[in-house]
Amino acid sequence: MKDLMTVARERQQVNDAIRQFFRSQAYTEVETPILVRSPDVSPTLTPFETEAIEADGTRYPGALITSPEFSMKKLLGSECDRIFTITKVFRNREHFGGVHNPEFTMIEWYRQDADYHSGMDETEGVVRAVFEAFGKQLPAFNRWRIHDLFEKHVGMDLSAAGVTELKKACETHGIHTDPSDNESDLFYRLFLDKVEPLLADAPPTFIYDFPLYQAALAAATPDGKYAQRFELFLGGVELCNAFTELTDAVEQRRRFEHEIEERKRIHKSVFPIDEELLSLLPSVRQKTFGNALGIDRLHMLAAGRASIEDVLLFPAKHLFSPPTNT
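Spelled out as C-alpha cells, the structure:
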C-alpha cells in the first residue's frame with residue numbers, strides 16, 4: 021500500500037521544482053477556467069460534457085477542459101508573453117491506470133518570440149529540474165525527426181505518403197486497418213507498432229516534425245511539408261505535446277471546421293468553435309512556442325514508480341470501484 025504522505029510530499033517537490041524553473045525564466049503563473057463552452061474539438065479527444073445552470077434555470081451546455089490551451093492563447097492575444105499554468109484537465113474514454121487517468125494534472129506554458137526548437141531546450145530544462153529534485157540526473161536527450169524514423173523503421177518516405185501508401189505499409193507490416201481509416205489513423209497505427217516500441221529503452225527522446233495532418237494547432241514548417249510539433253518520450257512514456265503555435269486565424273478556422281466534420285464522421289459530440297480565440301489570434305504577432313506536459317507522468321518517472329496510480333492520492337480506479345465490506 022502506498023504511503024499517502026510520501027506521495028503528497030513528492031508532488032509538492034515536483035510542483036515546487038516546476039514553479040522555480042519557470043519563475044527563473046521570468047514566466048507569470050496564471051489561472052484558467054476548467055468549465056468552458058468550447059473545448060478542444062480534436063477528433064481524438066472525448067471531453068466530459070456538462071451544463072452550467074443559472075438560478076433562474078437558464079441552461080448553458082459546456083464541457084470540462086481537456087487542456088487549457090484555448091484560454092492560454094487568449095491571454096497571449098491580450099499581450100501576455102510568458103505564461104504558465106498548473107491545472108486539472110479531464111479526458112473521457114481513457115484507461116484507468118498505467119499512464120492514464122481521466123482526471124490528471126497538466127503544466128502548460130507559452131512563450132512569445134520562441135519556436136519549437138528553442139522549446140525543446142526549455143522542456144529539457146524543466147524535466148531535468150524535476151529529476152534533480154529527486155536527486156537524479158538524466159542522460160543527454162535525443163532529437164529524432166519523424167520522417168527519418170519512418171524511413172528507417174517503416175521503409176517509406178512519409179513526405180510523399182497518402183492514404184494508399186500508408187495502408188500498404190500497414191499491410192506490409194501485418195498491421196490491422198479499417199476501411200474508414202484516414203491518413204492520421206494509419207500514421208498512428210504505424211507509429212504505435214513500428215516506432216514507439218523503440219523508445220522504451222532509449223534515452224529521453226524528442227520526436228519532431230509531424231505530418232501536416234497531425235498538426236492540430238501547430239504552424240507548418242517553412243517548406244510546408246510538416247508541422248512544427250514535437251513530443252517527448254522518457255522510458256517509452258509520452259510526456260508532452262508541443263508546437264510552434266499557429267496564429268493564422270483563417271487557417272485555424274479551416275482546421276477547426278475539418279476537425280468538426282471528422283467528429284461528425286465518427287459520431288462524436290460537436291462543440292461550437294471558440295470565436296473569441298479566433299478573434300484574438302491575430303494579436304499574437306511574434307512566433308510563439310507552447311507545450312502541454314503531464315505532471316502525473318513526470319512525477320511517476322522521477323520517483324521511479326510503475327503507474328501514475330502510485331503518485332495520485334485518489335486515482336479513478338479507486339474512486340469508481342465498488343465499495344468493499346470491511
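All the letters of the sequence shown, read from the start, carry residue numbers 21 to 346 under this note's numbering. Built from N, CA and C at the ideal position, the CB exists for glycine as well.
Does the Cβ-Cβ distance between residue i and residue j come in under 9 Å?
i, j, result
"residue 288", "residue 66", "yes"
"residue 103", "residue 130", "yes"
"residue 227", "residue 253", "yes"
"residue 282", "residue 238", "no"
"residue 161", "residue 140", "yes"
"residue 335", "residue 117", "yes"
"residue 297", "residue 108", "no"
"residue 97", "residue 302", "yes"
"residue 201", "residue 209", "yes"
"residue 328", "residue 90", "no"
"residue 174", "residue 193", "yes"
"residue 305", "residue 267", "yes"
"residue 58", "residue 292", "yes"
"residue 128", "residue 310", "yes"
"residue 119", "residue 82", "no"
Which stretch, first to last residue, makes up the alpha helix (DSSP H) that contains residue i?
i, result
"residue 36", "24 to 44"
"residue 290", "Per DSSP, residue 290 belongs to no alpha helix (DSSP H) and is neither H nor E."
"residue 270", "269 to 285"
"residue 166", "166 to 173"
"residue 257", "Where residue 257 is concerned, there is no enclosing alpha helix (DSSP H), although the beta strand (DSSP E) it sits in stretches over 257 to 264."
"residue 205", "203 to 210"
"residue 216", "Premise fails: residue 216 is in no alpha helix (DSSP H) and is neither H nor E."
"residue 150", "136 to 153"
"residue 336", "336 to 339"
"residue 90", "89 to 96"
"residue 298", "295 to 300"
Who pairs with residue i in a beta bridge, going by DSSP?
i, result
"residue 125", "108"
"residue 310", "130 and 263"
"residue 226", "163 and 252"
"residue 246", "231"
"residue 55", "84"
"residue 48", "103"
"residue 120", "117"
"residue 240", "247"
Quick check on the DSSP output: the beta strand (DSSP E) that includes residue i runs from which residue to which?
i, result
"residue 190", "Premise fails: residue 190 lies in the alpha helix (DSSP H), 183 to 192, not in any beta strand (DSSP E)."
"residue 315", "Careful: residue 315 lies outside any beta strand (DSSP E), inside the alpha helix (DSSP H) at 315 to 323."
"residue 82", "79 to 84"
"residue 71", "69 to 73"
Distance, Cα to Cα, residue i vs residue j?
i, j, result
"residue 246", "residue 274", "17 Å"
"residue 34", "residue 105", "14 Å"
"residue 167", "residue 271", "24 Å"
"residue 150", "residue 313", "12 Å"
"residue 236", "residue 269", "13 Å"
"residue 133", "residue 257", "29 Å"
"residue 234", "residue 262", "12 Å"
"residue 307", "residue 79", "39 Å"
"residue 318", "residue 276", "30 Å"
"residue 295", "residue 53", "16 Å"
"residue 186", "residue 219", "22 Å"
"residue 14", "residue 170", "What is shown of the chain runs 21 to 346, which leaves residue 14 out entirely."
"residue 348", "residue 76", "Residue 348 lies beyond the range of the chain shown here (21 to 346); nothing can be said about it."
"residue 60", "residue 158", "33 Å"
"residue 198", "residue 115", "22 Å"
"residue 43", "residue 147", "15 Å"
"residue 205", "residue 211", "10 Å"
Residues in its own chain within less than 8 Å of residue i by CB, not counting five upstream and five downstream?
i, result
"residue 153", "33, 34, 36, 37 and 322"
Excluding the 5 residues flanking residue i on each side, which residues of the same chain have their C-beta closer than 7 Å to its C-beta?
i, result
"residue 284", "290"
"residue 51", "105"
"residue 22", "330"
"residue 145", "41"
"residue 213", "193 and 195"
"residue 286", "63"
"residue 165", "228 and 229"
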